[in-house]
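Numbering of the sequence shown is given in this note's numbering, commencing with residue 1 and proceeding in unit increments.
By construction, the Cβ of each residue, glycine as well, lies at the ideal position given by its N, Cα and C atoms.
Beneath this line is the structure, given in structure tokens, with notes to follow.
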Amino acid sequence: MIKVLIVFGTRPEAIKMCPVIKKLEEYSQIKTVVCLTGQHREMLLPILNIFQVAPKYDLNIMKDRQTLFDITIAVLSKIKDVLDQEKPTVVLVHGDTTSAFAAAVACFYKGIPIGHVEAGLRTYNHYSPYPEEFNRQAIDSITDIFFAPTVSAKENLLKEGKYEKNIFVTGNTVIDALKTTIHAEYSHEVLKWAENNRLILFTAHRRENIGTSMRKIFEAVNEVVDEFEDVRVVYPVHLNPKVQEIANEIFNNTEKIKLIAPLDVIDFHNIMSRSYMVITDSGGVQEEAPSLGKPVLVIRNTTERPEGVAAGTLKLVGTEKDNIKKALKELLTNKETYRKMSEAKNPYGDGKASERIGQVILKRWGE
Ligand code: UD1
Ligand code: UDP
1 MIKVLIVFGT RPEAIKMCPV IKKLEEYSQI KTVVCLTGQH REMLLPILNI
51 FQVAPKYDLN IMKDRQTLFD ITIAVLSKIK DVLDQEKPTV VLVHGDTTSA
101 FAAAVACFYK GIPIGHVEAG LRTYNHYSPY PEEFNRQAID SITDIFFAPT
151 VSAKENLLKE GKYEKNIFVT GNTVIDALKT TIHAEYSHEV LKWAENNRLI
201 LFTAHRRENI GTSMRKIFEA VNEVVDEFED VRVVYPVHLN PKVQEIANEI
251 FNNTEKIKLI APLDVIDFHN IMSRSYMVIT DSGGVQEEAP SLGKPVLVIR
301 NTTERPEGVA AGTLKLVGTE KDNIKKALKE LLTNKETYRK MSEAKNPYGD
351 GKASERIGQV ILKRWGE
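Right, dumping it as structure tokens:
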């Protein structure tokens, strides 16, 4: 029996790993065990319910205003017992979070093979996004099997000298997730509130933006929205108290911008698919929007998702106030720019990434 231990801790990892877990559970030769690090709590638990995933372990590490030290130390020290008890054939981690990094390091210390889902994404700037670029490079330096979502992610790994026989292009599992979450019939109070106005879905949480950059980004959105009668913005604010403080401070006086609690993933995907456009610094949202044909202004200085830019859906606008205002006004006034960016294209696969991951595991470790 192949025992696959799947370790994750945050919202985006849960959204992208639940489809993998469900697929692996279908194979009789594989036993799956799920371990949450608990890096996120409220933002993650609803996803497990939606996908009907039951973790065996929860390291329960979350602290208010946790630092990178807190997360790394807590995961490393607590996961050791889980690895000793389960003795997995392989451990799957996802992406670029500190949970994934610390879990991978623990596996490396124990000599347990690591499968990295969403391997090979790169900006080659350790500080952007921070600490994610370091995390993903560090994980890939000790990974045994790379599940690259796209050909360009595979090319990054090859350039770094990884062996081709260990790299598998699977597509991104976020497309698998969209198959479960998007519904033809859907309504939500946010959509009723926006009525016939153009709805912008907004998210911002990146660690390196917290502070002045985030204030400037919020001011840019505020000032542009002020100029358009028919525009509404909904911002499901990340539970990070530092983000909440800035959001409440800058968006305190407008009826056109609605701050709400984080949405569950069904609501988020369905509201996105019915919105006019998206403004975000999120990684996952940059992958979902091209599939749904929603123009995205990426409020970051780098992106590890060049496929969405090439598809024409994503525009990297940085964090300078004037640049954001200019790009946003352009999308709100120039129909041709809007049309070009809203053609649905999907560079992230066919929704069968989880199956490919399962097949690779069976081939590598099956009898
Ligand atoms: C983490 C990841 C980031 C990912 C993001 C997804 C790291 C270093 N960062 O960043 O890569 O893009 O998740 O959202 O791995 N909080 C709650 N409840 C929750 C979740 C968070 O209260 O369910 C609050 C806590 O006060 C916590 C704070 O948010 O201390 C920050 O959470 P943390 O996971 O450290 O950072 P994120 O910005 O969420
Ligand atoms: N998301 C969600 N509810 C929200 C905001 C985002 O379910 O209120 C989903 C979104 O669809 C995407 C994922 O969360 O799949 C992205 O997570 P986040 O932006 O927190 O992290 P990142 O992808 O930047 O690491």
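Tell me whether residue i counts as near the ligand UDP, meaning its Cβ is closer than 7 Å to at least one heavy atom of that ligand.
{"i": "Arg-122", "result": "no"}
{"i": "His-188", "result": "no"}
{"i": "Val-93", "result": "no"}
{"i": "Glu-304", "result": "no"}
{"i": "His-269", "result": "yes"}
{"i": "Ile-210", "result": "no"}
Among the options, whose alpha-carbon lies nearest the alpha-carbon of residue i?
{"i": "Leu-178", "options": "Ile-142, Gly-312, Pro-290", "result": "Pro-290"}
{"i": "Tyr-235", "options": "Ile-257, Ala-220, Ile-217", "result": "Ile-257"}
{"i": "Ala-310", "options": "Lys-321, Ser-282, Glu-343, Leu-331", "result": "Glu-343"}
{"i": "Gly-351", "options": "Glu-208, Leu-44, Thr-170, Gly-9", "result": "Thr-170"}
{"i": "Asp-281", "options": "Gly-95, Leu-362, Asp-264, Pro-129", "result": "Pro-129"}
{"i": "Tyr-57", "options": "Tyr-163, Gly-308, Ile-6", "result": "Ile-6"}
{"i": "Pro-262", "options": "Phe-202, Arg-198, Ile-167, Ala-138", "result": "Phe-202"}
{"i": "Leu-157", "options": "Asn-323, Ile-200, Gly-120, Ala-104", "result": "Gly-120"}
{"i": "Asn-222", "options": "Ile-246, Leu-316, Phe-101, Asp-176", "result": "Ile-246"}
{"i": "Glu-227", "options": "Thr-181, Ile-139, Lys-326", "result": "Lys-326"}
{"i": "Arg-198", "options": "Tyr-124, Ile-50, Arg-41, Lys-294", "result": "Lys-294"}
{"i": "Glu-185", "options": "Val-233, Val-278, Arg-274, Gly-308", "result": "Arg-274"}
{"i": "Gly-349", "options": "Gly-211, Tyr-276, Asp-176", "result": "Asp-176"}
{"i": "Val-225", "options": "Ala-204, Ile-200, Arg-207, Lys-216", "result": "Ile-200"}
{"i": "Thr-277", "options": "Ile-260, Leu-328, Met-62", "result": "The identity of residue 277 in the sequence shown is Met, whereas the question assumes Thr. Minimum Cα distance to Met-277 is reached at Leu-328."}
{"i": "Gln-359", "options": "Pro-19, Leu-24, Glu-287", "result": "Leu-24"}
{"i": "Val-233", "options": "Ala-104, Lys-192, Ala-103", "result": "Lys-192"}
{"i": "Val-93", "options": "Phe-8, Lys-315, Leu-316", "result": "Phe-8"}
{"i": "Ala-100", "options": "Tyr-124, Ile-71, Glu-86", "result": "Ile-71"}
{"i": "Phe-51", "options": "Phe-168, Ile-139, Gly-95, Cys-18", "result": "Cys-18"}
{"i": "Gln-85", "options": "Ile-61, Ala-74, Lys-110", "result": "Lys-110"}
{"i": "Asp-264", "options": "Ile-324, Thr-181, Arg-207, Pro-306", "result": "Thr-181"}
{"i": "Ile-279", "options": "Gly-115, Leu-292, Val-298", "result": "Val-298"}
{"i": "Val-117", "options": "Thr-37, Leu-36, Val-296, Asp-140", "result": "Asp-140"}
{"i": "Arg-207", "options": "Gln-66, Ile-47, Thr-37", "result": "Gln-66"}
Among the residues of its own chain, which have a CB less than 7 Å from the CB of residue i, if the five just before and after it don't count?
{"i": "Asp-64", "result": "Pro-241"}
{"i": "Gln-244", "result": "Val-237"}
{"i": "Leu-68", "result": "Thr-98, Pro-131"}
{"i": "Lys-340", "result": "Gly-312"}
{"i": "Asn-166", "result": "Asp-144, Ile-145, Phe-146"}
{"i": "Thr-32", "result": "Val-4, Ile-6, Ile-21, Leu-24, Glu-25"}
{"i": "Asp-239", "result": "First, the residue type needs correcting, since residue 239 is Leu and not Asp in the sequence shown. Taken in chain order, the residues that qualify are Glu-42, Met-43, Pro-262."}
{"i": "Gly-379", "result": "No statement about residue 379 is possible, as the shown extent of the chain runs from 1 to 367 and does not include it."}
{"i": "Asp-230", "result": "Asn-197, Arg-198"}
{"i": "Met-1", "result": "Gln-29, Lys-31"}
Any heavy atom of the ligand UD1 closer than 7 Å to the beta-carbon of residue i?
{"i": "Ser-128", "result": "no"}
{"i": "Asn-301", "result": "no"}
{"i": "Thr-97", "result": "yes"}
{"i": "Asn-240", "result": "yes"}
{"i": "Gln-66", "result": "yes"}
{"i": "His-205", "result": "yes"}
{"i": "Leu-48", "result": "no"}
{"i": "Arg-136", "result": "no"}
{"i": "Arg-41", "result": "yes"}
{"i": "Leu-314", "result": "no"}
{"i": "Lys-110", "result": "no"}
{"i": "Glu-287", "result": "no"}
{"i": "Glu-132", "result": "yes"}
{"i": "Lys-63", "result": "yes"}
{"i": "Ile-71", "result": "yes"}
{"i": "Leu-201", "result": "no"}
{"i": "Leu-59", "result": "no"}
{"i": "Leu-44", "result": "yes"}
Near residue i, what residues of its chain come up, given a Cβ to Cβ distance below 6 Å and the 5 sequence neighbours on each side ignored?
{"i": "Ser-213", "result": "Thr-319"}
{"i": "Pro-113", "result": "Val-90, Asp-144"}
{"i": "Phe-134", "result": "His-126"}
{"i": "Phe-168", "result": "Phe-147, Val-360"}
I'd like the list of long-range same chain contacts for residue i, defined as Cβ closer than 8 Å, with 5 residues on each side in sequence excluded.
{"i": "Gly-284", "result": "Pro-12, Ile-15, Lys-16, Val-174"}
{"i": "Glu-219", "result": "Ile-250, Lys-321"}
{"i": "Tyr-124", "result": "Glu-133"}
{"i": "Thr-10", "result": "Gln-39, His-40, Met-43, Leu-44, Thr-97, Ser-99"}
For residue i and chain C, any beta-carbon pair shorter than 8 Å?
{"i": "Asn-166", "result": "No chain C appears in the structure shown, which is made up of a single protein chain."}
With three or more beta-carbon pairs closer than 8 Å as the criterion, would you say the region 240-254 touches the region 264-273?
no
Check whether the region 334-341 and the region 298-307 touch, using three or more Cβ-Cβ pairs below 8 Å as the test.
no
Whose beta carbon lies closer than 5 Å to any heavy atom of the ligand UDP, going through the chain in order?
Arg-11, Pro-12, Ile-15, Pro-236, Pro-262, Leu-263, Val-265, Phe-268, Ser-282, Gly-283, Gly-284
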